[in-house]
Amino acid sequence: MSDFARRLSAWQRTHGRHGLPWQGGRDPYRIWLSEIMLQQTQVETVIPYYTRFLARFPDIASLAAVPVEDVMALWSGLGYYARARNLHRAAQQVVERHGGHFPASAAEIAELPGIGRSTAAAIAAFSRDERVAILDGNVKRVLCRYFGIEGFPGEKAVENRLWALAESLLPEQEIGVYIQAQMDLGATVCTRGRPGCNRCPLAEDCSARQQGRQTELPVARPKKAIPRREARFAVAMRGDGAVLVERRPPSGIWGGLLALPEIPAGLAEGDIAAWAADTLGVRSAAPQALAPLSHTFTHFILDIQPLRLPVEAELARARDDAALSWLPAAATAEAALPTPVRRILDALNAPDLFAS
């Protein structure tokens, strides 16, 4: 075992994270679910979702057997919703192509929807002790700092170098302990901001620490101005509290979730009532502005202006849109809603209902 791997593994046994809900077992389904949920999401946020998800879908067969809408409902609020759609698709493929048995090797696992090389390796290492390297954000940060790797890790040449380095450091045994050690060190000690070098088992000969470059490595992504977009959403609400929602297309922003109908850009406020009658099939009073909010996606910021449309009567729609449906107030908590939509509906019960 290399000195790098030996020190990391020894540190993991004493100081690493233990007792998380997905640790201590070899079930690839549970490991897979945790790895997908943990992508770009903190452990504290994932734990309650993971627990609820397993209670509803204890195995691959139960996940594959339900409509994707059921999966999206449990995922609501966790973000990055393509993960949930791919999770469902992958479960169906495991049932259809592998007889319900999760693939054994990292190469086979990586062929499933939504599973990249690093995630596949983590699943194989934890469930089968396969000797494969991972290269998630935490590992990239540790390697860049310890070995003084220059360049943005997202660049292909830099990433290829990191993959080769990660593979060269693999120990012959106890792969699972070593992989977990890499993850834990990056998540709890060698963090993006304020790394705890005084607690790091690699600090003695870490290149970034020796040169005082902890805040410089890894090299940050070249900055680009984050574009902003604007959208108006119709909050068409009946007297019984039900809200009109539409099922978003399977792909794209909030794919497969229930969202508020978007008011066409450029439509004058005085024409919104006519649009609502023709498109949504409701006659409403004049639009009332609710408090605006913003939501940050990976590549842009969406500035949202919700407009409440108090429904006076239901009309025949100009088009038969099966995506539109009424969401009862009592069903809001369990519905598959994007976070901004849930915030808007929650605000309807707040005292400061309308924007000044």
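With my numbering, letter number 330 in the sequence shown gets 678, and the count goes up by one each step, no holes. For each residue, glycine too, the CB sits at the ideal point set by N, CA and C.
Exercise for the section: Please specify which runs of the beta strand (DSSP E), each continuous and at least 3 residues long, are wholly inside the region 507-591, giving them in chain order. Expected result: 576-585
Practice task
Please classify H449: is it buried, with 16 or more other beta-carbons within 10 angstroms of its beta-carbon, or exposed?
Solution key: Answer is exposed; the Cβ neighbour count stays below 16.
Handout entry: Span separating the alpha-carbon of S357 from that of L491
Key = 15 Å
Problem - Integer Cβ distance of A579 from E617, believed to fall under 8 Å - result: In this structure, A579 and E617 do not form a Cβ contact; the two beta carbons are roughly 15 Å apart against a cut-off of 8 Å.
Problem - Strand pairing of T644, partner residues [DSSP] - result: I649
Handout entry: Pairwise C-alpha distance: P688 and R631
Key = 25 Å
Practice task
Apply the 10 Å Cβ neighbour rule to L693 and answer buried if 16 or more other Cβ atoms are within range, or exposed otherwise.
Solution key: buried
Practice task
Could you tell me which residues DSSP puts in a beta bridge with P637?
Solution key: For the sequence presented, residue 637 should be read as Ala rather than Pro. Answer is L655, bridged to A637.
Practice task
Name the two residues that bound the continuous beta strand (DSSP E) containing L717.
Solution key: What is shown of the chain runs 349 to 704, which leaves residue 717 out entirely.
Practice task
If I'm right that P396 touches N434 with Cβ under 8 Å, what's the distance once you round it to whole angstroms?
Solution key: About 21 Å; that fails the 8 Å criterion.
Exercise for the section: With a 10 Å radius around its C-beta and 16 neighbouring C-beta atoms as the bar for buried, classify Q521 as buried or exposed. Expected result: exposed
Practice task
Measure from the alpha carbon of Q562 to the alpha carbon of each residue in R489, W359, P654 and L422, then state which is nearest.
Solution key: R489
Exercise for the section: Indicate the three-state DSSP secondary structure (helix, strand or coil) for V593 in the structure shown. Expected result: strand
Problem - Cβ-heavy atom distance, W370 to the ligand ATP, below 7 Å - result: Looking at this structure, you won't find the ligand ATP or any other ligand, since it has none at all.
Problem - Enclosing beta strand (DSSP E) for R707 [first to last residue] - result: This structure does not reach residue 707, given that the chain is present from 349 up to 704, and the question cannot be answered.
Exercise for the section: Please state whether DSSP places S704 in a helix, a strand or coil. Expected result: Interpretation of S704 is limited by its pLDDT of 37, a score under 50 that renders its predicted location unreliable; the figure taken from the coordinates is listed afterwards. Looking at S704 - three-state DSSP - the assignment turns out to be coil, as it is neither helix nor strand.
Handout entry: Rounded straight-line distance, which links the Cα of V525 to that of P612
Key = 53 Å
Handout entry: Close beta carbons around G603, own chain, < 8 Å, minus the five adjacent residues each side
Key = Y429, A430, R433, R596 and P597
Problem - Residue interval of the alpha helix (DSSP H) (run including G485) - result: G485 to F495
Practice task
Flag this pair as yes or no: are the beta carbons of A468 and A454 separated by less than 8 Å?
Solution key: yes
Practice task
Give me whichever residues DSSP pairs with I395 in a beta bridge.
Solution key: Per DSSP, none; premise fails for I395.
Practice task
State buried or exposed for A582, treating a residue as buried only when at least 16 other CB atoms are found within 10 Å of its CB.
Solution key: buried
Exercise for the section: Using beta-carbon positions only, say whether L685 and L565 come within less than 8 Å of one another. Expected result: no
Handout entry: L638 versus H647 - alpha carbon distance
Key = One alpha carbon belongs to L638, the other to H647, and they sit about 26 Å apart.
Problem - alpha helix (DSSP H) segment containing S382, residue limits - result: P376 to M385
Handout entry: Cβ shell of Y398 (< 7 Å), same chain only, five flanking positions each side left out
Key = P369, W370, L381, S382 and M385
Handout entry: Where E662 falls: helix, strand or coil (DSSP)
Key = strand
Exercise for the section: Inspect the CB distances between the region 504-514 and the region 404-411 and report whether three or more fall short of 8 Å. Expected result: With the cut-off at 8 Å, the region 504-514 and the region 404-411 do not touch.
Problem - Backbone CA spacing between W623 and P654 [nearest angstrom] - result: In a straight line, the C-alpha of W623 is about 15 Å away from that of P654.
Handout entry: I379 classed as buried or exposed, judged by whether at least 16 other C-beta atoms fall within 10 angstroms
Key = buried
Exercise for the section: Kindly list the residues whose CB is nearer than 6 Å to the CB of N486, restricted to its own chain and excluding five residues on each side of it in sequence; keep chain order. Expected result: M531, G534 and A535
Practice task
Could you work out which residue in A621, F645, Q558 and P543 is closest to Q636 when comparing CA atoms only?
Solution key: A621
Problem - DSSP bridge partner residues for S607 (one or two, in chain order) - result: Correcting the residue type first, residue 607 is Ala in the shown sequence and not Ser. E594, per the DSSP bridge assignment.
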